[in-house]
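A quick write-up on the structure given underneath.
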Amino acid sequence: MIDNQDIERLKSRIRIEDVISKMGFSLTRKGTRHYCLCPFHEDHNPSLIIDTKKNTFYCPVCHTGGDAIRFVMKVEGKSYVEALRYIAGIYGMELRETSSDLSAEQKRQQDFKEMIRTQREAIVSIAHEHLFEEGNEAHAYLRSRGFSDDTLRLFHVGHFPQLSACGRHQEALQKSYDAKQIQGRIVFPWYSASNALVGLAGRVVDVRTKGVQLKYVNSSEKSGFVKGLNLFGINLATRAMARERKVFVVEGYTDAMAMHQSGIENVVAQCGTAMTDAQASILARYADEVVLCLDNDSAGIRAMDMAALKLLPLGVRVEILLAPDGCDPADLLHSNGEDAVLRWSQTDTHSLLDICLDRFRQASVLNPYHRRAALSKLISYLSLIKDSILRNMYIEKCVDVCPWLKAEELGM
Ligand SMILES: [Zn+2]
1 MIDNQDIERL KSRIRIEDVI SKMGFSLTRK GTRHYCLCPF HEDHNPSLII
51 DTKKNTFYCP VCHTGGDAIR FVMKVEGKSY VEALRYIAGI YGMELRETSS
101 DLSAEQKRQQ DFKEMIRTQR EAIVSIAHEH LFEEGNEAHA YLRSRGFSDD
151 TLRLFHVGHF PQLSACGRHQ EALQKSYDAK QIQGRIVFPW YSASNALVGL
201 AGRVVDVRTK GVQLKYVNSS EKSGFVKGLN LFGINLATRA MARERKVFVV
251 EGYTDAMAMH QSGIENVVAQ CGTAMTDAQA SILARYADEV VLCLDNDSAG
301 IRAMDMAALK LLPLGVRVEI LLAPDGCDPA DLLHSNGEDA VLRWSQTDTH
351 SLLDICLDRF RQASVLNPYH RRAALSKLIS YLSLIKDSIL RNMYIEKCVD
401 VCPWLKAEEL GM
């Protein structure tokens, strides 16, 4: 059980409009009321009413209503206690457990989580301080790649020293898996949308360093960090995503940082994972349009297929922005500066479905087996489009491109 005083303290701070907008819904204000799209029924005109006086929400269409806690429970599928913790995260508050109510196992788990959290926070702060020490090699490297100190501070980037140099923290961190792994590496902390520190990644400063096996290491899943449930940079992107209803998805940590530094705030990075259901649903909550920034190679195409599979069924428009000739946004920042990154982000994107249609057009001159495979893929993409009008428009386009196709075959 959470300490009662803490619950009361939290409840007195909750403003329902803060919570709902922090969750990615865009609100329009009329007097003491706000309106947004109702997440509990298929809503096309904002019908959910948020009453800021009563601190409640109500949808006159599907008759769902309640307070902010209930809203979080229903949208996020959380229990009452989990919803309280989620909201506490939004307000940066900590909720203590009344320890007498916990079973020995629960107490052990809670202590473990608390220990991991404290260790990680210590690592981030030691690493961040170390990065800015006179003559730090990682700092010199990052600066040479074009990153400003403001960007490094914004993302809490650090350089974790050897454990033996951790002073008063050395003993506490001796048992930390994160600390052992991350020694001598550049540290990129991962935060949740509500700004809780959820995991760490460590990159070697110099890839030529002898004896280093892996360029990147991460906090372990055993310690509660699952990359596929998170998106790097989401804590810094939520406001711009909700405002523009659009998000750029880039490949790496430094790509997200390069975009931010160039003035594009609605950006997150996947950092080497194929898109998961959890990531897709986070993105769909904040944005109607996802721009995938991909390399124009087979890995890029695989990533695109995976993202399409996860995003199209959620009604999200998927656009593709091809990487600037043979480099990525971080390289572009390095070679041509912020303006070049900004200009690139504003270039025309290609709709995922158009790209798919193009691939189909190319395949259709090939032998029947290739044609058949391309047709299957096209049908599977089309079947993912929820909006039937849009789907029909694409079917017409397909028939235009390949007159031998029959609309009924594509219409499923
Ligand atoms: Zn509703």
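Taking the working numbering, the leading residue of the sequence shown gets 1, the next gets one more, and so forth.
Glycine included, C-beta positions come from ideal geometry on N, C-alpha and C.
(request) Counting only runs of 4+ residues fully inside the stretch 241 to 270, write out the alpha helix (DSSP H) ranges in chain order. (result) With a minimum length of 4 residues, the continuous alpha helix (DSSP H) runs that stay inside the stretch 241 to 270 are 253 to 261.
(message) For the structure I just gave you, are there three or more beta carbon pairs, one from the stretch 314 to 333 and one from the stretch 287 to 298, closer than 8 Å?
(response) With a cut-off of 8 Å, the stretch 287 to 298 and the stretch 314 to 333 count as touching, because enough Cβ pairs lie within range.
(request) Report yes if the CB atom of Cys293 is closer than 8 Å to the CB atom of Phe248, and no otherwise. (result) The residue labelled residue 293 in the question sits at position 293 within the sequence shown. The residue labelled residue 248 in the question sits at position 248 within the sequence shown. Closer than 8 Å, so yes.
(message) For His34, which residues in the same chain have their Cβ closer than 7 Å to its Cβ, ignoring the five residues on either side in sequence?
(response) As a first step, residue 34 must be located in the sequence shown, where it is residue number 34. Excluding positions up to five away in sequence, the list reads Glu17, Leu27, Thr28, Ile50, Thr52.
(request) Specify which residues have a beta carbon nearer than 7 Å to any heavy atom of ligand 1, listing them in chain order. (result) This selection yields Cys38, Phe40, His41, Asp43, Ser47, Leu48, Cys59, Val61, Cys62, Thr64.
(request) Please state whether DSSP places Lys30 in a helix, a strand or coil. (result) Residue mapping note: residue 30 aligns to position 30 of the sequence shown, counting from 1. When secondary structure is reduced to three states using DSSP, Lys30 falls in the strand class.
(message) Taking the alpha-carbon of Phe360 as reference, which of Leu200, Trp344, Ala374, Met93 has the nearest alpha-carbon?
(response) Here residue 360 corresponds to residue number 360 of the sequence shown, with the count starting at 1. For Phe360, the nearest C-alpha among the options comes from Ala374.
(request) Please list, in chain order, all residues of the same chain as Leu163 whose beta carbon is under 8 Å from its beta carbon, the five residues on each side excluded. (result) Taking the sequence shown and counting its residues from 1, the one referred to as residue 163 is at position 163. Once the five neighbours on either side are set aside, the close Cβ partners of Leu163 are Gln170, Leu173, Gln174, Ala179, Lys180, Gln183.
(message) Tell me the DSSP secondary structure of Cys300 in three-state form.
(response) Within the sequence shown, the letter at position 300 stands for residue 300. The sequence as given places Gly at residue 300; Cys does not occur at that position. Helix, per DSSP.
(message) Can you look up Ile90 in the DSSP assignment and give me helix, strand or coil?
(response) Counting from 1 along the sequence shown, the entry for residue 90 is found at position 90. Secondary structure of Ile90 (DSSP, three-state): helix.
(request) Quick one: using the 10 Å Cβ neighbour count with 16 as the cut-off for buried, is Leu214 buried or exposed? (result) Sequence index remark: in the sequence shown, residue 214 carries index 214 (1-based). So Leu214 ends up on the exposed side.
(request) With DSSP as the reference, label Trp344 as helix, strand or coil. (result) Locating residue 344 in the sequence shown gives position 344, counting from the first residue. Here Trp344 sits in helix by DSSP.
(request) Can you tell me which of Ser125, Phe155, Trp190 puts its alpha carbon nearest to the alpha carbon of Pro161? (result) Looking up residue 161 in the sequence shown gives position 161. When only C-alpha atoms are compared, the closest one is Ser125.
(message) Which residue marks the beginning of the beta strand (DSSP E) containing Asp51, and which one marks its end?
(response) On the sequence shown, position 51 is the one that residue 51 refers to. 48 to 51 is the span of the beta strand (DSSP E), which, as asked, contains Asp51.
(message) Can you look up Arg200 in the DSSP assignment and give me helix, strand or coil?
(response) Stepping through the sequence shown from its first residue, residue 200 is reached at position 200. For the record, residue 200 in the displayed sequence is Leu; it is not Arg. Strand, per DSSP.
(message) Short of 7 Å in beta carbon distance, which residues of its chain neighbour Ala280, apart from the five on each side in sequence? Order them along the chain.
(response) As a first step, residue 280 must be located in the sequence shown, where it is residue number 280. For Ala280, where only same-chain residues beyond five positions count, the Cβ hits under 7 Å are Lys310, Leu311, Leu314.
(request) Mark Thr238 as exposed unless 16 or more other C-beta atoms lie within 10 angstroms of its C-beta, in which case mark it buried. (result) Taking the first residue of the sequence shown as 1, we reach residue 238 at position 238. Thr238 counts as buried, since at least 16 other C-beta atoms from the protein chains shown sit within 10 angstroms of its C-beta.
(request) Would you be able to state if there are at least three C-beta pairs under 8 Å between the stretch 86 to 96 and the stretch 3 to 10? (result) The answer is yes - the stretch 86 to 96 touches the stretch 3 to 10, with three or more Cβ pairs under 8 Å.
(request) Return the first residue and the last residue of the alpha helix (DSSP H) that Pro189 is part of. (result) Residue mapping note: residue 189 aligns to position 189 of the sequence shown, counting from 1. The continuous stretches of alpha helix (DSSP H) do not include Pro189, which lies in the beta strand (DSSP E) extending over residues 185 to 191.
(request) Taking 8 Å as the threshold, find out whether the stretch 333 to 344 comes into contact with the stretch 368 to 384 through three or more Cβ pairs. (result) No: the two stretches stay apart, fewer than three of their Cβ pairs being nearer than 8 Å.
(request) Kindly indicate which three-state DSSP category Asn136 falls into: helix, strand or coil? (result) One-based indexing of the sequence shown puts residue 136 at position 136. Asn136 sits in coil when the DSSP states are folded into three classes, being neither helix nor strand.
(request) Please name the residue, chosen from Val198, Arg153, Gly31, that lies closest to Gly89 on a Cα-to-Cα basis. (result) Working through the sequence shown from its first residue, we reach residue 89 at position 89. Among Val198, Arg153, Gly31, the Cα nearest to that of Gly89 is on Val198.
(message) Among Asp255, Thr349, Ala104, whose alpha-carbon lies nearest the alpha-carbon of Arg145?
(response) Here the question's residue 145 lines up with position 145 in the sequence shown. Considering only alpha carbons, the answer is Asp255.
(request) Pick helix, strand or coil for Val318, following the three-state DSSP scheme. (result) The residue given as residue 318 occupies position 318 in the sequence shown. Three-state result, Val318: strand.
(request) Would you tell me roughly how many angstroms separate the C-alpha atoms of His159 and Ala269, rounded to the nearest one? (result) Mapped onto the sequence shown, residue 159 falls at position 159. Mapped onto the sequence shown, residue 269 falls at position 269. A direct Cα-to-Cα measurement between His159 and Ala269 gives close to 20 Å.
(request) State the DSSP-derived secondary structure class of Asn218, mapped to helix, strand or coil. (result) By 1-based counting over the sequence shown, the position of residue 218 is 218. Residue state for Asn218 is assigned as strand, using DSSP reduced to three classes.
(message) Just to confirm the assignment, what range does the alpha helix (DSSP H) spanning Thr118 have?
(response) As a first step, residue 118 is located in the sequence shown; it is residue number 118 there, counting from the start. 104 to 131 is the span of the alpha helix (DSSP H), which, as asked, contains Thr118.
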